[in-house]
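Let me begin by presenting the structure, written as structure tokens, before commenting on it.
Number of protein chains: 2
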Amino acid sequence: MGDPAGIGPEILGKTLDEIGDITELYVVVVGDFSLMERYYSGGGKLPLLLHDPGKDICFQENRINFIDPGPGINDVKSGLTRRDSTLKALRSLDMAIDIIKKLPREISKALVTAPVSKQNIANISKGFVGHTEYLQNAFSSKHVTMALVGKSFTAIPVTRHIPVRDIPGKLTRELIIDTLKDVYGNMDILSAKSDPVVCVCSLNPHCGEGGAIGDEEIRVIAPAVESMKAIFKNLTGPVSPDVAFYKAMRNEYDIILGMYHDQCLAPFKMVDFESGVNTTLGLGFVRTSPDHGTAYDIVGKNLANPESMIQAVRLAVKSLMKNTAGKTE
Amino acid sequence: MGDPAGIGPEILGKTLDEIGDITELYVVVVGDFSLMERYYSGGGKLPLLLHDPGKDICFQENRINFIDPGPGINDVKSGLTRRDSTLKALRSLDMAIDIIKKLPREISKALVTAPVSKQNIANISKGFVGHTEYLQNAFSSKHVTMALVGKSFTAIPVTRHIPVRDIPGKLTRELIIDTLKDVYGNMDILSAKSDPVVCVCSLNPHCGEGGAIGDEEIRVIAPAVESMKAIFKNLTGPVSPDVAFYKAMRNEYDIILGMYHDQCLAPFKMVDFESGVNTTLGLGFVRTSPDHGTAYDIVGKNLANPESMIQAVRLAVKSLMKNTAGKTE
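Going down the list, the protein sequences come from chains A and B. If you're matching positions, the first sequence starts at 1 in the working numbering and goes up one per residue. If you're matching positions, the second sequence starts at 330 in the working numbering and goes up one per residue.
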């Protein structure tokens with residue numbers, strides 16, 4: 001449910017209303033139950049079933065299995081950001097992580113997270129920079145990939161929340177190759193096309209102009225791309241980002257690897273702000289999230305657009321179907 | 330005319346056909362005359378008048394005053410890139426610069442350049458990185474600003490053709506302030522709105538998150554923006570680029586200052602590739618250019634879209650009208 005003082009409860013309620021029947025899957029929601037009851041009206045389709053987090057939990061099909069890690073947030077006001085709500089957001093996330101860890105290895109899992117305030121969580125949990133890194137740590141993953149899946153294209157930053165001055169130092173062949181491996185293993189999640197074209201961006205302007213404007217293209221990016229061409233059918237790069245995103249908008253490229261956060265995020269949010277899905281790969285399961293924040297300013301006004309959350313849930317479900325399909329074969 | 334072996338002659342011919350009558354202005358074109366005759370059909374409106382570059386030139390109104398610096402390029406083939414055509418592109422540019430320099434100071438001037446191959450020119454004129462820097466040097470300008478004027482918004486990179494690793498070192502308060510001064514002096518060229526909103530981007534992801542992800546926002550960008558708020562009515566920043574360009578697309582921001590080349594170019598070309606105009610400010614006159622290259626692959630096929638060139642000429646004419654209006658007051 002994310003931060004109960006944000007729009008998480010509202011977009012979650014609207015999403016469950018919209019999605020309706022979910023069969024052959026166990027649906028588990030962790031968050032504040034009173035807020036869920038306020039925002040979810042579709043009880044007729046999938047009724048809520050509140051579990052006691054203190055006891056052994058037996059999830060049921062055709063129900064929204066609900067777990068409230070407590071304490072109750074009964075007095076959340078519009079736009080309110082407080083220590084209590086932040087604490088509950090973090091407790092909910094930790095409980096979701098705990099549930100996933102306890103599930104048997106052979107069960108396919110997916111996690112959908114709702115918006116939290118990174119800054120507020122960092123105040124009570126030092127060093128919190130986002131779900132991606134928090135989950136990487138919780139599941140002891142050596143490498144995770146953040147992918148932004150949109151209607152127009154998918155954008156994947158190879159480096160994430162680091163200063164621009166640190167980018168050249170952090171950018172290695174191994175990092176690009178590890179990211180491309182995560183892409184290769186999740187092509188059906190990252191693109192609706194059966195044969196998507198993957199494009200790797202340059203770091204420097206004009207693709208470095210043969211070394212005249214930086215040498216990372218020659219030293220790092222091109223060798224990484226070349227070494228992965230053996231397994232990728234449609235892989236190209238390095239391509240200057242002012243060409244890459246132009247072509248992505250014209251359906252020539254489907255998945256764009258950017259070398260840093262804003263190389264991906266600025267073009268992506270420009271065209272897919274409403275419906276983009278933030279996805280984490282490399283955890284052992286797929287995690288998705290709407291690509292927007294807590295929007296404290298519109299809480300309680302019935303103004304929150306659930307589109308990104310709906311797409312996040314659909315993508316998570318798709319990842320489970322893929323896993324199941326894989327097993328049946 | 331730019332590179333005679335590129336699409337310059339074709340888009341120039343189409344543009345002059347489209348624009349038709351230009352009154353109260355002297356039109357001067359420098360390039361290859363035989364190619365001009367091939368691509369320009371609108372002689373009835375503004376007839377061509379070929380001058381001898383060796384003699385004193387007396388420009389005439391209601392004519393396209395044409396100067397061919399020679400030698401003639403009669404055998405340009407489709408898609409051909411050669412030393413001869415590159416040399417002629419450079420000679421044409423040098424002659425245009427020479428003409429502007431010789432004109433009396435009190436005459437309002439504007440320069441429109443057509444595409445050249447930077448790489449080909451660099452082969453015969455070492456260190457050539459683009460028109461912007463070449464003109465800055467030719468006119469001994471201390472500071473020039475490159476602005477990309479599009480239909481959706483205008484994007485202005487504070488640093489240009491440098492490696493990413495050099496950006497933090499080159500980014501100073503003075504550079505941002507000098508750029509903002511160029512913006513302030515050319516607001517009517519940069520935006521069609523009477524009261525445009527100017528937004529300055531952050532360098533680092535999430536606007537540096539209060540210093541957690543880089544300190545350039547605190548040390549450099551915010552102080553520069555604050556110091557310019559006294560003269561700017563609508564100036565905001567630093568704003569994270571993934572918010573800035575999203576808002577620019579929704580008409581909340583009109584002019585975006587980016588801290589580096591691709592921060593501006595990737596979002597800009599994504600939406601304004603066909604009609605964007607590359608503009609140089611700070612030369613003492615406005616220089617405009619279509620925002621695309623020589624497109625050698627489509628030369629001679631009548632496929633070149635003149636839209637960006639038409640907009641470039643219109644913007645140059647607008648800058649002259651502004652100067653004239655200023656003088657009449």
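Ideal Cβ positions, reconstructed from N, Cα and C, are used throughout, including at glycine. A quick note: this is a predicted structure, and the numbers were derived from the prediction, not measured.
Would you identify the three-state DSSP class for residue i, choosing helix, strand or coil?
i: M1/A; result: coil
i: P238/A; result: strand
i: S289/A; result: strand
i: L190/A; result: helix
i: I485/B; result: strand
i: T352/B; result: coil
i: I627/B; result: helix
i: A559/B; result: coil
i: F395/B; result: strand
i: I584/B; result: strand
i: L303/A; result: coil
i: H380/B; result: strand
i: T113/A; result: coil
i: L283/A; result: coil
i: L375/B; result: coil
i: L320/A; result: helix
i: L464/B; result: helix
i: V29/A; result: strand
i: I340/B; result: helix
i: L364/B; result: helix
i: L477/B; result: strand
i: V458/B; result: coil
Ignore the nearest five residues each way along the sequence and tell me which others in residue i's own chain have a CB closer than 6 angstroms to its CB.
i: S78/A; result: Confidence at S78/A is low in this model, with a pLDDT of 47, below 50, so its placement is unreliable and no value can be given for it.
i: I547/B; result: G540
i: A110/A; result: F285, V286, A316, S319, L320
i: G639/B; result: Position check: residue 639/B holds Ile in this sequence, whereas Gly was assumed. Closer than 6 angstroms at the Cβ level, and outside the excluded window around I639/B, lie T344, E347.
i: L93/A; result: none
i: I221/A; result: P238
i: K576/B; result: Y582
Whole-angstrom Cβ separation of residue i and residue j, contact assumed at under 8 angstroms?
i: M365/B; j: L375/B; result: M365/B to L375/B, Cβ: 12 angstroms. No contact.
i: L586/B; j: T508/B; result: 6 angstroms
i: D195/A; j: N234/A; result: 6 angstroms
i: V493/B; j: D332/B; result: 29 angstroms between Cβ atoms; not a contact.
i: F597/B; j: G479/B; result: 6 angstroms
i: M249/A; j: M588/B; result: Between M588/B and M249/A the Cβ distance is about 23 angstroms, and since that is not below 8 angstroms, they are no contact.
i: L477/B; j: A484/B; result: 5 angstroms
i: V487/B; j: L504/B; result: 6 angstroms
i: S125/A; j: L90/A; result: 6 angstroms
i: T442/B; j: G611/B; result: That pair is no contact at about 16 angstroms.
i: Y26/A; j: E61/A; result: 6 angstroms
i: V129/A; j: H161/A; result: 5 angstroms
i: T132/A; j: T23/A; result: The Cβ separation is near 30 angstroms, so there is no contact.
i: D571/B; j: L265/A; result: 4 angstroms
i: S152/A; j: I255/A; result: 11 angstroms between Cβ atoms; not a contact.
So, at 7 angstroms on beta carbons, what are the nonlocal neighbours of residue i in its own chain, with the 5 sequence-adjacent residues on each side left out?
i: F33/A; result: L50, F66, D68
i: V225/A; result: V200, L235, G237, P238
i: E274/A; result: N305, E307, S308
i: H206/A; result: I213, S240
By Cβ distance, which residues of its chain are closer than 8 angstroms to residue i, with the 5 residues on each side in sequence left out?
i: M424/B; result: V359, P382, I396, P398
i: G293/A; result: G6, P115, S117
i: L87/A; result: I124
i: I72/A; result: A small fix is needed here, since residue 72/A is Gly in this sequence, not Ile. Closer than 8 angstroms at the Cβ level, and outside the excluded window around G72/A, lie D32, F33, S34.
i: I496/B; result: T488, L532, M588, Y589
Check distances from the C-beta atoms of the stretch 607-637 of chain B to those of chain A and list, in chain order, the residues that come in under 7 angstroms.
Within the stretch 607-637 of chain B, no residue qualifies.
With 8 angstroms as the limit, tell me which residues of the stretch 427-439 of chain B have their beta carbon closer than that to any beta carbon of chain A; keep them in chain order.
Residues: none.
What are the uninterrupted segments assigned as alpha helix (DSSP H) that are 4 or more residues long and contained completely in the stretch 169-214 of chain A, given in chain order?
Those alpha helix (DSSP H) runs which fall completely within the stretch 169-214 of chain A and span 4+ residues are 173-184, 187-190.
Closer than 7 angstroms, Cβ to any Cβ of chain A: which residues of the stretch 567-592 of chain B, in chain order?
Taking 7 angstroms as the Cβ-Cβ cut-off against chain A, the residues of the stretch 567-592 of chain B that qualify are P570, D571, F574, Y575, M578, H590, D591, Q592.
Taking only beta carbons into account, state which residues of the stretch 527-547 of chain B come closer than 9 angstroms to chain A, listed in chain order.
Those residues of the stretch 527-547 of chain B that come within reach of chain A (Cβ to Cβ, closer than 9 angstroms) are C530, S531, L532, N533, P534, H535, G537, E538, G539, A541, I542, G543, D544, E545.
Counting only Cβ-Cβ distances shorter than 7 angstroms, please list the residues of the stretch 124-152 of chain A near chain B, keeping chain order.
So nothing in the stretch comes that close.
At a Cβ cut of 7 angstroms, what residues of the stretch 160-194 of chain A count as close to chain B, listed as they run along the chain?
When C-beta distances to chain B are compared with 7 angstroms, the residues of the stretch 160-194 of chain A below that value are H161, I162, P163, V164, R165, I167, P168, in chain order.
Output needed in chain order: residues of the stretch 594-606 of chain B with a Cβ under 8 angstroms from some Cβ in chain A.
Within the stretch 594-606 of chain B, the residues whose Cβ lies closer than 8 angstroms to some Cβ of chain A are L594, A595, P596, F597, K598, M599, V600, F602, listed in chain order.
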